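Residue numbers (this note's numbering), protein chains in the order written: chain L, 1 to 363; chain P, 364 to 668; chain W, 669 to 945.
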Amino acid sequence: MSAVEIRDVSKTFKGSAAETPPALSRVSFRAEAGQFLALLGPSGCGKSTLLRIIAGLEHADSGDVLIGDRRVNDVPAARRQVAMVFQSYALYPHLSVAENIVFGLKVRKVAPEERAKRLKNAAAMLGLADYLERKPSQLSGGQRQRVALGRAIVGQSQIVLMDEPLSNLDAKLRQQMREELRALQRELGLTVIYVTHDQIEAMTMADRVVVMRRGEIEQCAAPVELYQRPATTVVAAFIGSPPMNLLPAVAADGAVTLRNPEATRLPLELAPADAATREVLLGVRAEHVRLGGAGIALAGTARSIEYHGADTIAGLDLGLPDKLMARLPGLVEIAVGQRVEVRIDPADIALFSAASGRRLERG
Amino acid sequence: MSATLPQAPTRDADLAESPRRRARRATLGGWALIAPSLAIIFAFTLYPIGLSVFDSFTGQGGKLSLEQFSAMADDEILHKVFRNNIVFALFTGPISIVIALAMALWVNGRIRGRGFLRLAFFTPTVLPMVAAASIWLYFYTPGYGPIDTLMHAIGLPGHNWLGDPATALPSIMVVTIWKEAGFFMIFYLAGLQNMPPELEEASMLEGASAWYHFRRVTLPLLMPTTLFVTVVAVTTSFKQVEHIFVMTRGGPDNASSLLLFYIYKVAFTFYDQHYAAILTLVLVLTLLLLAFLQFRFLEKRTHYQ
Amino acid sequence: MNEPLSDAAARAGQLLVTAGAWLCAILWLAPLLYAVWASFHGAADETRFSLAAPWTFANYIEAWHAAPFGRYYLNTIVLVIGILIGQLVLSTLAAYAFAMVDFRGSQFAFWLVLVQLIIAPDVLITENYNTMARLGLVDTLTAIGLPFIASAFAIFLLRQTFKSIPKELDEAAELEGCSRLQRLWRVYVPLARPTYVAFALVSVSAHWNTFLWPIVVTNRPEARPLTVGLAIFAGQEAGVSWATLSAATMIIVAPLLIAFLIFQRQFVQSFMRTGIR
Chain L
1 MSAVEIRDVS KTFKGSAAET PPALSRVSFR AEAGQFLALL GPSGCGKSTL
51 LRIIAGLEHA DSGDVLIGDR RVNDVPAARR QVAMVFQSYA LYPHLSVAEN
101 IVFGLKVRKV APEERAKRLK NAAAMLGLAD YLERKPSQLS GGQRQRVALG
151 RAIVGQSQIV LMDEPLSNLD AKLRQQMREE LRALQRELGL TVIYVTHDQI
201 EAMTMADRVV VMRRGEIEQC AAPVELYQRP ATTVVAAFIG SPPMNLLPAV
251 AADGAVTLRN PEATRLPLEL APADAATREV LLGVRAEHVR LGGAGIALAG
301 TARSIEYHGA DTIAGLDLGL PDKLMARLPG LVEIAVGQRV EVRIDPADIA
351 LFSAASGRRL ERG
Chain P
364 MSATLPQAPT RDADLAESPR RRARRATLGG WALIAPSLAI IFAFTLYPIG
414 LSVFDSFTGQ GGKLSLEQFS AMADDEILHK VFRNNIVFAL FTGPISIVIA
464 LAMALWVNGR IRGRGFLRLA FFTPTVLPMV AAASIWLYFY TPGYGPIDTL
514 MHAIGLPGHN WLGDPATALP SIMVVTIWKE AGFFMIFYLA GLQNMPPELE
564 EASMLEGASA WYHFRRVTLP LLMPTTLFVT VVAVTTSFKQ VEHIFVMTRG
614 GPDNASSLLL FYIYKVAFTF YDQHYAAILT LVLVLTLLLL AFLQFRFLEK
664 RTHYQ
Chain W
669 MNEPLSDAAA RAGQLLVTAG AWLCAILWLA PLLYAVWASF HGAADETRFS
719 LAAPWTFANY IEAWHAAPFG RYYLNTIVLV IGILIGQLVL STLAAYAFAM
769 VDFRGSQFAF WLVLVQLIIA PDVLITENYN TMARLGLVDT LTAIGLPFIA
819 SAFAIFLLRQ TFKSIPKELD EAAELEGCSR LQRLWRVYVP LARPTYVAFA
869 LVSVSAHWNT FLWPIVVTNR PEARPLTVGL AIFAGQEAGV SWATLSAATM
919 IIVAPLLIAF LIFQRQFVQS FMRTGIR
């Protein structure tokens, strides 16, 4: 039994234009109980819409929404027993922190002693014990976020939805909150569905990540898999910093020829199923582009050198539309404009169809 | 003799101004800018108030006396008129406000034809009260006015609305409510639109019904608007008299007369300017007291976002 | 536990609310609509709401000749514009001083100004009438408008607006060599335009409809505005027919109504904006 399941959900917002693209197109995924699942994608990809459909704040045009194996499409939001943390926290400005947190408990007529107990636990867990009488306007952004969390966990629902909760915080606070959120989720055994456009957040916090774009799911997998075996060019370009290099090439006669001036030939074969593909994108991560060693040689002119301390990111012009980014260890003695030769191990290369962006199987 | 040239003042010292001179220039400039406004306010608001205070404590001969006060104590009409005004304020205010809130909720919600609703509710506000009163004067005409016609049509007897002491004041109150509700609706609309929509969604997820959310979240957050609107309503009920002019002239037997109208009659029909002065003072004090009370009462229960 | 009825119940509730709202709206418009109807129809057709009833302008012509409405119109327009211009100038200067100039006694002066918010000049009719009489201004438009040229409301609003304008804009202008008044004119006034528009609409509405003070301070029609004209017309000893009265009412009300219909949103937004303190 999964905690939350989405089956073939589609939704189109009625816009003024006759042809409004759908917000969601036949989206399906599962979140198991106790899992931290991230919905990741650029703005407009439909992740927030999907979250709101799970919450019951929006309705799917078609498809099923299941919570605990129960179809909840027609169940109003108030009865779905999911908690939600909004991007803007949605705290009641006229109520104190304590009153904000127990708001739902009062609605559901939980006994006062039970209310006080849960409030105390939540406050202790989130470090809010000293702020219970303050109003939201007297709190910092991070504190308000904790109050929103407190309200979410005090209702003791097993499913918590979060809509970009850290986006209004500064970088340092965000990092701290990432750790705390994850720890909280583990300790309480919550199923969390977490919407974000920040791939670092998704990669560091989630058990599984659903990468979305334009209303469709690109890939649903654990962070490791997303990084090492991206299913589409969208995922490959979205995950990782710098994003995966995607170089245009042609596949023919059991080899892949790069579209650079030297027409470098790489002995890469496609599996029979994909053998017919001609236009491909050659994918290789920046850390797999090395100076020296074994592998296929590529030469280019250094256009940018960024020294980051532990490593150096170099951008090489290979005569292709995009630079080849290489992550080289430590300090590297390369000047801009210098001709550089790098090596790539064929095992580190992934091939994608240029037309569809789908990953191709190697033979 | 060593001749030393006097030190040429540096550019800084040349352009610098001592803080005191700057403050004095600011004070002069500030007062100059506010002088015209202050002059008018002094001439037509502060000075008259002072005059009426002065006149209240002097008798006919110009000497200090309290005979005005005893005159007031004996004035039955004044008591009646004052009572009328209080009743007027007490009823038109809250009723208009409740209707206005309902209107605002309707217009703000997802109802078909919101633009039309807003237009319909706000149009009476745009009319001059004189025009509104003229229209309703006809409506209240006994026998063949539209209201009586309607009553006849459903089998009820007609009524002399404006001529019956019992219904004269309420009839005027209806006109006031009709005219004011739309005006207050606008302020509630502003208040409603200022509220973040996520609050309603958060309440939904917490299991609260729409009514619960309205009572515990929307209404408290609208308190600043309610305060403002109440002050306006009460002040207006003491300042507006054209409906009386057009519809009843205060009759029958002062049943529908209000304080300001009575002051007008005393001053310009009975030509008793002296007495009018102390009546004006009563009005001024009432307005001040009401403003103060409202602020104290509602301010305590108001949360400003 | 599924609730298949909840959707239907919600829809029924929504229908009720919609019906209630529409009923109230029609009720609210009815008196005015009726007046419009009556003004275009002869006395006989007043209550005959059939489309066949003949439309006529006769009422309007009769009303227009029955009282100097043309003169009333002129007076009202001049009055309203004059008051507005005065208010804008005086209040801008005063609001700027209160908002941006730190001068001794400003707090005290501001409290004095606020008195006018609670005690309007047209409440103090006897004293102000005497003042006007002494100034020899009785029966003039000046007398009607003068007490209102200072507007505590405008000062309050503009002060608020000026204070919310970022100081950097003022400082940048100062660095360019602008004097205080130049900065007021070039920086603050343009940025406060929404407030000015909002206040202008509120002021025009209020003073178009002002009644008691004009009737106190004028005796002859030459100086009277529309509202007084209509009240006198309606309250005539001989009585006046509803047909004519409704036409007279429409004559007075029409410009405001038409302006309102066209500029609905601005009207509504203006009143909204001035209410948010």
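Every residue, glycine too, gets a C-beta built ideally from N, C-alpha and C.
Only a predicted model underlies this, so the values are computations on that prediction, with no experimental measurement involved.
Status (buried if at least 16 other CB within 10 Å, exposed otherwise) for residue i
i, result
"residue 542(P)", "buried"
"residue 729(W)", "exposed"
"residue 775(W)", "exposed"
"residue 550(P)", "buried"
"residue 891(W)", "buried"
"residue 155(L)", "buried"
"residue 469(P)", "buried"
"residue 803(W)", "exposed"
"residue 507(P)", "exposed"
"residue 844(W)", "exposed"
"residue 70(L)", "exposed"
"residue 520(P)", "exposed"
"residue 486(P)", "buried"
"residue 708(W)", "buried"
"residue 357(L)", "buried"
"residue 380(P)", "exposed"
"residue 816(W)", "buried"
Which of helix, strand or coil DSSP assigns to residue i
i, result
"residue 692(W)", "helix"
"residue 625(P)", "helix"
"residue 194(L)", "strand"
"residue 343(L)", "strand"
"residue 728(W)", "helix"
"residue 8(L)", "strand"
"residue 170(L)", "coil"
"residue 88(L)", "coil"
"residue 244(L)", "coil"
"residue 558(P)", "coil"
"residue 819(W)", "coil"
"residue 360(L)", "strand"
"residue 61(L)", "coil"
"residue 833(W)", "coil"
N-terminal and C-terminal residue of the beta strand (DSSP E) that residue i is part of
i, result
"residue 38(L)", "36-40"
"residue 257(L)", "255-258"
"residue 329(L)", "324-329"
"residue 352(L)", "350-353"
"residue 301(L)", "296-307"
Cβ distance (whole Å) where residue i is taken to contact residue j below 8 Å
i, j, result
"residue 101(L)", "residue 27(L)", "No, residue 101(L) and residue 27(L) are not in contact; Cβ-Cβ is about 33 Å, not under 8 Å."
"residue 866(W)", "residue 827(W)", "Not really, about 15 Å apart at Cβ, beyond 8 Å."
"residue 792(W)", "residue 408(P)", "7 Å"
"residue 871(W)", "residue 400(P)", "That pair is no contact at about 14 Å."
"residue 616(P)", "residue 505(P)", "Contact flag wrong, Cβ pair sits at about 18 Å."
"residue 85(L)", "residue 67(L)", "In fact, because the Cβ distance is near 17 Å, the residues do not count as touching under 8 Å."
Residue i - containing alpha helix (DSSP H), residue span
i, result
"residue 216(L)", "Note, residue 216(L): premise wrong, no alpha helix (DSSP H); beta strand (DSSP E) at 216-221."
"residue 312(L)", "No alpha helix (DSSP H) contains residue 312(L), which is instead part of the beta strand (DSSP E) from 311-317."
"residue 922(W)", "910-930"
"residue 200(L)", "199-205"
"residue 25(L)", "Here residue 25(L) belongs to no alpha helix (DSSP H); instead the beta strand (DSSP E) covers 24-31."
"residue 142(L)", "141-154"
Residue i at chain B interface by Cβ criterion, 8 Å
i, result
"residue 931(W)", "The structure shown has no chain B; the protein chains it does contain are L, P and W."
_Residues, ordered as in the chain, of the segment 772-805 of chain W that lie near chain P by beta-carbon distance below 8 Å_ = Taking 8 Å as the upper bound on Cβ-Cβ separation, chain P lies near residues 772, 773, 774, 777, 780, 781, 783, 784, 786, 787, 788, 789, 790, 791, 792, 793, 794, 795, 796, 797, 798 and 799 of the segment 772-805 of chain W.
*Using a Cβ-Cβ cut-off of less than 9 Å, give me the residues of the segment 73-93 of chain L that come near chain P, in sequence order.*
Here the close residues are 76, 77, 78, 79, 80, 81, 82, 83, 84, 86, 87, 88, 89, 90, 91, 92 and 93.
*Listed in chain order, which residues of the segment 107-122 of chain L have Cβ atoms closer than 7 Å to some Cβ of chain P?*
Those would be 107 and 108, in chain order.
*Got a sec: which bits of the segment 543-575 of chain P sit with their beta carbon under 7 Å from any beta carbon on chain L, in order along the chain?*
Along the segment 543-575 of chain P, going in chain order, the ones with a CB nearer than 7 Å to a CB of chain L are 559, 561, 562, 564, 565, 567, 568, 569, 570, 571 and 575.
_By the 7 Å beta-carbon criterion, what residues does the segment 584-600 of chain P contribute toward chain L?_
Only those residues of the segment 584-600 of chain P whose C-beta falls short of 7 Å from the nearest C-beta of chain L are listed: 584.
_So if I threshold CB-CB distances at 8 Å, which residues from the segment 608-627 of chain P count as touching chain W?_
Within the segment 608-627 of chain P, 608, 609, 612, 623, 626 and 627 place their CB atoms closer than 8 Å to a CB of chain W, listed in sequence order.
_Residues of the segment 36-65 of chain L with Cβ closer than 9 Å to any Cβ of chain P, in chain order_ = Those residues of the segment 36-65 of chain L that come within reach of chain P (Cβ to Cβ, closer than 9 Å) are 52, 55, 56 and 57.
*What are the residues of the segment 513-527 of chain P that lie near chain W, defined by any Cβ-Cβ distance shorter than 7 Å?*
Within the segment 513-527 of chain P, no residue has a Cβ that lies closer than 7 Å to any Cβ of chain W.
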